[in-house]
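Count along the sequence shown from 1, add 8, and you get the number used in this note's numbering.
In this text, a Cβ means the ideal position worked out from N, Cα and C, and glycines have one as well.
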Amino acid sequence: MVTAFLAIVPSQHMASSLVSKDLLNQLKTKYSDQAYRRGLAINKLLLELDGQGIQKQLIEVNRFFNQFEYQEDRVQWGKQDYWSTPGEFLGTQKGDCEDFVIAKYFALRKLGVPDERLYLTYVKALKQNVAHMVLSYFPTPNSIPQILDNYNPLIVSADQRKDLLPVYSFNAQSLFLSNASAGLGKSLPTNKIKNSKWQKLLADIKKENQ
């Protein structure tokens, strides 16, 4: 699982394009000229953010993708739960909460943000009374994370998000139950997320960037 991930995203600080040349062509032929321009725009943004401070990177990546439209999977894909690749998200310019988080996660990894600082976090959105996903950024391993969310455009620490009840967090290498402050709690075996939508997502991303 880790090997497959590292083949997609560089592990050291070195910004690179989120959208490859081949994927740019796919955006144009499969979707539209507008999708092609979105691919160019995110690549340009990552280039501009290379070497900038982490807060600037978080804010701008969050802002870029939060412009996209929310759309439920059953409406968009005819499936109960489907995780779009960043290419599919850029192509359609719409998706549900997982799609927003996935795109932000991979964009920030392309900027060199360490994997151990970024976690895809399942929460319960209390106001909406629904399962939800956000992206958690940990300034330090034991700090309260900052939350990137398509519901709330502001990036704030998890202890200020009283509307979210954290459940568990994961990335390419780790899986944790969340503690009461949305920090990383009990570590779980990573095989619990193998053969899951995450594993399929990595394969789909690798395929679309070949």
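Query: Which listed residue (Lys87, Leu54, Glu80 and Thr37) has its alpha carbon closest to that of Arg117; Result: Leu54
Query: Backbone CA spacing between Phe97 and Asp123 [nearest angstrom]; Result: 21 Å
Query: Coil, strand or helix - Lys132 by DSSP; Result: strand
Query: Reference Gln63; option with closest CA among Leu32, Val164 and Asn158; Result: Val164
Query: Simplified DSSP assignment, three categories, for Gly103; Result: strand
Query: Reference Gly103, options Gly61, Leu162 and Gln75, closest by Cα; Result: Gln75
Query: Start-end ranges of the alpha helix (DSSP H) lying completely within the segment 39-96, minimum 4 residues; Result: 41-57, 62-73 and 81-84
Query: 9 Å Cβ cutoff, Lys36 in contact with chain E; Result: Considering every chain present, this structure includes no chain E. It has just one protein chain.
Query: For Ala139, the first and last residue of its enclosing beta strand (DSSP E); Result: Val138 to Tyr145
Query: Three-way DSSP call (helix, strand, coil) for Leu162 in this model; Result: coil
Query: Met141 versus Val131: straight-line alpha-carbon distance, rounded; Result: 6 Å
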